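As structure tokens, then:
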């Protein structure tokens, strides 16, 4: 079955290029030139999208506003595009639930690699992995779902990837670069701020006290580890 992606961007030429690139991979790409139209397609689409490509600079609604609404209704991976090489914008987007960020101009090869990585994770990468129970935290890789004390926790695709990776190796310390390489599979784009933003958001979602984490622990000067029972 062909994967479906949704492009939300007001640049017709760029949308056409991305559609062509997606078509060469056997994917079906829908296009929306405004945030409102993109959200409508996402809500009404009979087929589940495997990826949303979202431009930050959109008419009427900003990409960040669209992202916030997407995260309210869906956990679909979101790759954000921006013409600004702004670290603050990137961190803001990641904290709001974006799974990856790409700054214009970019090569189609890099875009394709990031699309492949996100889609691969969202469409069954964990199919044969076992459920993890750690204290009150439960991770179901088949459903890509998380609960704490039986309460569902809403995680983005990338947040689940990161948490599941750490939880599969309790007690083992990983550097930020190792985490980025394993979870993002993109060592050449390593960025400390990406890791820190995701860890911070995960802690707020799963920890009883995010300031004193019991699951995801910081090892000063090294990186992070998932607590070993």
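Residue numbers (the working numbering): 15 to 243. Quick reminder that beta carbons are idealized off the backbone N, C-alpha and C, glycines included. Since we're looking at a predicted model, the values are computed, not measured.
(message) Does residue 94 come out as helix, strand or coil in the three-state DSSP assignment?
(response) Judged by DSSP in its simplified three-state form, residue 94 adopts strand.
(request) Would you mind sorting residue 122 into buried or exposed? The rule is 16 or more other CB atoms within 10 Å of its CB. (result) exposed
(request) With DSSP collapsed to three states, give me the class of residue 186. (result) coil
(request) Give the range of the beta strand (DSSP E) segment to which residue 43 is assigned. (result) 42 to 46
(message) Ignoring anything shorter than 4 residues, give me the alpha helix (DSSP H) runs that lie fully in the region 112 to 188, in order along the chain.
(response) 122 to 136 and 171 to 181
(request) Specify whether the region 46 to 54 and the region 159 to 178 touch according to this definition: at least 3 beta carbon pairs, one from each stretch, less than 8 Å apart. (result) no
(request) Along the alpha helix (DSSP H) that carries residue 239, what are the first and last residues, could you check? (result) Note, residue 239: premise wrong, no alpha helix (DSSP H); beta strand (DSSP E) at 237 to 240.
(request) Take residue 196 and list the residues in its own chain whose beta-carbon comes closer than 8 Å to its own, dropping the five residues that flank it on each side. (result) 179 and 188
(request) Could you tell me which of 64, 110, 71 and 73 sits nearest to residue 86, measuring between CA atoms? (result) Comparing alpha-carbon positions, the option among 64, 110, 71 and 73 lying closest to residue 86 turns out to be 110.
(request) Return the residue from the list 154, 238 and 157 that minimises the CA-CA distance to residue 190. (result) 238
(message) Measuring only the C-alpha atoms, how far is residue 46 from residue 32?
(response) 13 Å
(request) Indicate whether residue 64 and residue 80 have their beta-carbon atoms separated by less than 9 Å. (result) no
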